[in-house]
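The structure appears right after this line, and notes come after that.
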Amino acid sequence: MASGSRSLGPSCHETHSSGEDDDDQRQAAAKVSNYERQQRYRKKQRQFVICLESTVKRLRMDVDKLLIVRRKAQEVQREACSGVCTSPASATMMTAFAKTMCECMQLFESGALAQQVKFLESEMCEDVQCGDLVGRKSILDQWTQFALSFDGIPSVLQHYAFTIGFSEQASTIGQVDTVLLLCLTDVSLAKIFPNAYANQYLRDKLLQRPVVPFPTSVFFQFDEQGKVCRYDPTIDFVSGLYAVLGNYADVASTLQSAAITAAGQFLGEMANNRLSTDFCSTSASAEFETDCHRSTSLVDKLSVAFILSSGKTDLGRNPA
Numbered sequence: 001m002a003s004g005s006r007s008l009g010p011s012c013h014e015t016h017s018s019g020e021d022d023d024d025q026r027q028a029a030a031k032v033s034n035y036e037r038q039q040r041y042r043k044k045q046r047q048f049v050i051c052l053e054s055t056v057k058r059l060r061m062d063v064d065k066l067l068i069v070r071r072k073a074q075e076v077q078r079e080a081c082s083g084v085c086t087s088p089a090s091a092t093m094m095t096a097f098a099k100t101m102c103e104c105m106q107l108f109e110s111g112a113l114a115q116q117v118k119f120l121e122s123e124m125c126e127d128v129q130c131g132d133l134v135g136r137k138s139i140l141d142q143w144t145q146f147a148l149s150f151d152g153i154p155s156v157l158q159h160y161a162f163t164i165g166f167s168e169q170a171s172t173i174g175q176v177d178t179v180l181l182l183c184l185t186d187v188s189l190a191k192i193f194p195n196a197y198a199n200q201y202l203r204d205k206l207l208q209r210p211v212v213p214f215p216t217s218v219f220f221q222f223d224e225q226g227k228v229c230r231y232d233p234t235i236d237f238v239s240g241l242y243a244v245l246g247n248y249a250d251v252a253s254t255l256q257s258a259a260i261t262a263a264g265q266f267l268g269e270m271a272n273n274r275l276s277t278d279f280c281s282t283s284a285s286a287e288f289e290t291d292c293h294r295s296t297s298l299v300d301k302l303s304v305a306f307i308l309s310s311g312k313t314d315l316g317r318n319p320a
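Number 43 in full-length UniProt numbering belongs to position 43 of the sequence shown; there are no gaps in the numbering.
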């Protein structure tokens, strides 16, 4: 009877053994799970390495192909340059091109209208391209408007640097790097930079340095007859104004609503102040010259959006 009264549940020893078995099973399951995760990770890692090696191999092949193309292009350019430079006639033409570019810069600086007209008729094509405009008259208008816009004070160019080369189409191209000195007055500010003229802080700061240097480059392209068929000036107003104002916020404010582009083309009322000088050209080309407008497809380097998009804008002081 006493034995029948004993508990029928598991003993303490059996319970302890069962708990150890459960722990062992959990540990074994955890090891299996960790192993499977490691295997999946290693598999992904191997796949990534294989993909990366394949990409690197492909890029190296692409680089090798581009280097071969570059070497061939350089060889062709050297052969063309060697053939041209060794010819006495070609050397004479190169000298003539440099002389034309130099004379062009000097005549722009002088402001002598009669000499400018004579030069344009003799050295430039009738349909010469000037930025997005066409015709000799567009260049003459541009040159004349500079003197009119800057209070009649002639522009000054300093530090000429000439470069002559060849394009992929085997045409002769040249570039003149110079510094354009412009004299800023109340009149010129009102005409060219009306936003700065209306801001007393900007106006006073700009007039403290009446002569402002603007880095300028002029691109020339010559046709088979040795005449200029393309004339593209680029004036770095941003760098010039930054040297005076000291921050890009004030530069952006100054260039807002500017009446001139980086190509030296005048806008608004300034663009209407054109000469009545006529060249010996067809009526069709003359009509195109006067009706040509500024292209909206080109990026204007003077736009505020262009300046601010560089990410270098300083928070300069600009009181009203």
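Where a beta carbon is used, it is the ideal one built from N, C-alpha and C, also for glycine.
First through last residue of the beta strand (DSSP E) which encompasses residue i
{"i": "residue 174", "result": "172-183"}
{"i": "residue 217", "result": "211-222"}
Assigned secondary structure, residue i (DSSP; H/G/I helix, E/B strand, else coil)
{"i": "residue 127", "result": "strand"}
{"i": "residue 234", "result": "strand"}
{"i": "residue 146", "result": "helix"}
{"i": "residue 241", "result": "helix"}
{"i": "residue 266", "result": "strand"}
{"i": "residue 321", "result": "Residue 321 lies beyond the residue range present for the chain, which begins at 1 and ends at 320; the question has no answer from this structure."}
{"i": "residue 261", "result": "coil"}
{"i": "residue 119", "result": "helix"}
{"i": "residue 158", "result": "strand"}
{"i": "residue 276", "result": "Unreliable positioning characterises residue 276 in this predicted model, as indicated by a pLDDT of 47, which lies under 50. The coordinate reading is nonetheless provided below. Correct three-state label for residue 276: coil."}
{"i": "residue 197", "result": "helix"}
C-alpha distance - residue i paired with residue j, whole-angstrom precision
{"i": "residue 147", "j": "residue 264", "result": "12 Å"}
{"i": "residue 190", "j": "residue 94", "result": "43 Å"}
{"i": "residue 132", "j": "residue 163", "result": "23 Å"}
{"i": "residue 176", "j": "residue 130", "result": "15 Å"}
{"i": "residue 219", "j": "residue 186", "result": "31 Å"}
{"i": "residue 115", "j": "residue 124", "result": "13 Å"}
{"i": "residue 72", "j": "residue 258", "result": "45 Å"}
{"i": "residue 200", "j": "residue 256", "result": "15 Å"}
{"i": "residue 37", "j": "residue 55", "result": "27 Å"}
{"i": "residue 250", "j": "residue 233", "result": "25 Å"}
{"i": "residue 262", "j": "residue 62", "result": "37 Å"}
{"i": "residue 325", "j": "residue 192", "result": "Given that the chain is displayed from residue 1 to residue 320, the structure contains no residue 325 and the question cannot be resolved."}
{"i": "residue 96", "j": "residue 231", "result": "16 Å"}
{"i": "residue 47", "j": "residue 28", "result": "28 Å"}
{"i": "residue 84", "j": "residue 60", "result": "Only weak support is given to the placement of residue 84: the predicted model assigns it a pLDDT of 48, under 50, and the value that follows is read from those uncertain coordinates. Rounded to the nearest angstrom, the two C-alpha atoms are 36 Å apart."}
{"i": "residue 49", "j": "residue 179", "result": "54 Å"}
{"i": "residue 68", "j": "residue 52", "result": "24 Å"}
{"i": "residue 32", "j": "residue 65", "result": "49 Å"}
{"i": "residue 113", "j": "residue 92", "result": "29 Å"}
Where the alpha helix (DSSP H) containing residue i begins and where it ends
{"i": "residue 254", "result": "248-255"}
{"i": "residue 205", "result": "200-207"}
{"i": "residue 190", "result": "186-192"}
Rounded Cβ spacing between residue i and residue j (contact assumed at less than 8 Å)
{"i": "residue 213", "j": "residue 174", "result": "Rounded, the Cβ-Cβ distance is 22 Å, inconsistent with contact."}
{"i": "residue 216", "j": "residue 236", "result": "7 Å"}
{"i": "residue 224", "j": "residue 156", "result": "With a Cβ gap of about 34 Å, residue 224 and residue 156 do not count as contacting."}
{"i": "residue 206", "j": "residue 196", "result": "6 Å"}
{"i": "residue 158", "j": "residue 181", "result": "6 Å"}
Proximity to residue i [Cα-Cα], best of the options
{"i": "residue 120", "options": "110, 135 and 195", "result": "135"}
{"i": "residue 160", "options": "224, 101 and 42", "result": "101"}
{"i": "residue 226", "options": "118, 211 and 99", "result": "99"}
{"i": "residue 127", "options": "118, 139 and 116", "result": "139"}
{"i": "residue 210", "options": "184, 37 and 64", "result": "184"}
{"i": "residue 122", "options": "238, 261, 248 and 229", "result": "229"}
{"i": "residue 267", "options": "70, 222, 141 and 103", "result": "141"}
{"i": "residue 222", "options": "33, 34 and 171", "result": "171"}
Below-8 Å beta-carbon distance, residue i vs any chain D residue
{"i": "residue 138", "result": "Given the protein chain composition of this structure (a single chain), no chain D is represented."}
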